[in-house]
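Only one structure is covered here, and it is reproduced in the block below.
Residue numbers (my numbering): 27 to 211.
Below is the structure:
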């Protein structure tokens, strides 16, 4: 017996139609019928009442259906766990960022990340800087991106890159003669 047989049986029980069960499983109606007959032989029980009036599971069929749903659910959980073990990253990452980063700097990073991890969904929220901090601290988002970080003992700050800040001035301005300028408070 294979998981596919149990799934096909559950699809038949839920749709009450050999045709619909065949369509769901991308097989012929005859293949569904053969799978059901095979399960009936294996369990030495009639699983469905065959009549032209209405589709109905027998008591044995209902028991097989109930346990099959549990088996399929457990199998799907097993597949998920095995993928996690293989470092297949999936899920949703919630990001809060200021507009300038989110609209200009973030897109190429997101594109590269999503190419490496196509099963991850990234949800980006555009906020003012103080709201980014609030969302991270309130666990509304998983991470935040700001331009001028403010130290907070409740947060871990990780620099992504250093931007070169430049001074732009008219060629006649006194600063134009200098190679660099110091900003002081």
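For each residue, glycine too, the CB sits at the ideal point set by N, CA and C.
Open item on the list: So, for residue 55: in the same chain, excluding its five sequence neighbours on each side, which residues have a beta-carbon less than 6 Å away from its beta-carbon?
Closed with: Exclusion of the five residues before and after residue 55 leaves 44, 45 and 48 as the residues of its chain whose Cβ lies within less than 6 Å of its Cβ.
- [ ] Find the nearest neighbour of residue 156 within the set 68, 132, 59 and 123, judged by alpha-carbon distance.
- [x] Ranking 68, 132, 59 and 123 by CA distance to the CA of residue 156 puts 123 first.
- [ ] Whole angstroms is fine: what's the gap from residue 87's alpha carbon to residue 120's?
- [x] Residue 87 and residue 120 have their alpha carbons spaced roughly 44 Å apart.
Open item on the list: Just to confirm my understanding: we take residue 170, look at its own chain, exclude 5 residues before and 5 after, and list those with CB closer than 6 Å. What are they?
Closed with: Counting only residues of its own chain and dropping the five nearest sequence neighbours on each side, residue 170 has a CB closer than 6 Å to the CB of 122, 158 and 162.
Open item on the list: Tell me the rounded alpha-carbon separation between residue 80 and residue 39.
Closed with: Each residue's alpha carbon lies about 12 Å from the other.
TODO: Would you mind working out which of 137, 132 and 144 sits nearest residue 187, comparing C-alpha positions?
DONE: Cα-wise, what sits closest to residue 187 is 132.
Open item on the list: My output table needs one value for residue 165: the three-state DSSP class, helix, strand or coil.
Closed with: Coil at residue 165, not helix or strand.
Open item on the list: Is the beta carbon of residue 31 closer than 8 Å to that of residue 61?
Closed with: Taking 8 Å as the Cβ cut-off, residue 61 and residue 31 qualify as a contacting pair.
- [ ] In the DSSP assignment, find the unbroken beta strand (DSSP E) run with residue 70 in it and report its ends.
- [x] From DSSP, residue 70 is part of no beta strand (DSSP E); its letter is neither H nor E.
Task: Environment of residue 201 [buried if 16+ CB atoms lie within 10 Å] - done: So residue 201 ends up on the exposed side.
TODO: Can you say whether residue 208 is buried or exposed, counting buried as having 16 or more other CB atoms within 10 angstroms of its CB?
DONE: So residue 208 counts as exposed.
TODO: Using the Cα positions of residue 212 and residue 89, report the straight-line distance between them to the nearest angstrom.
DONE: Nothing about residue 212 can be reported from this structure: the residues present for the chain run from 27 to 211 only.
Open item on the list: Taking the straight line between their C-alpha atoms, what separation do you get for residue 98 and residue 68?
Closed with: When rounded, the distance between both Cα atoms is 18 Å.
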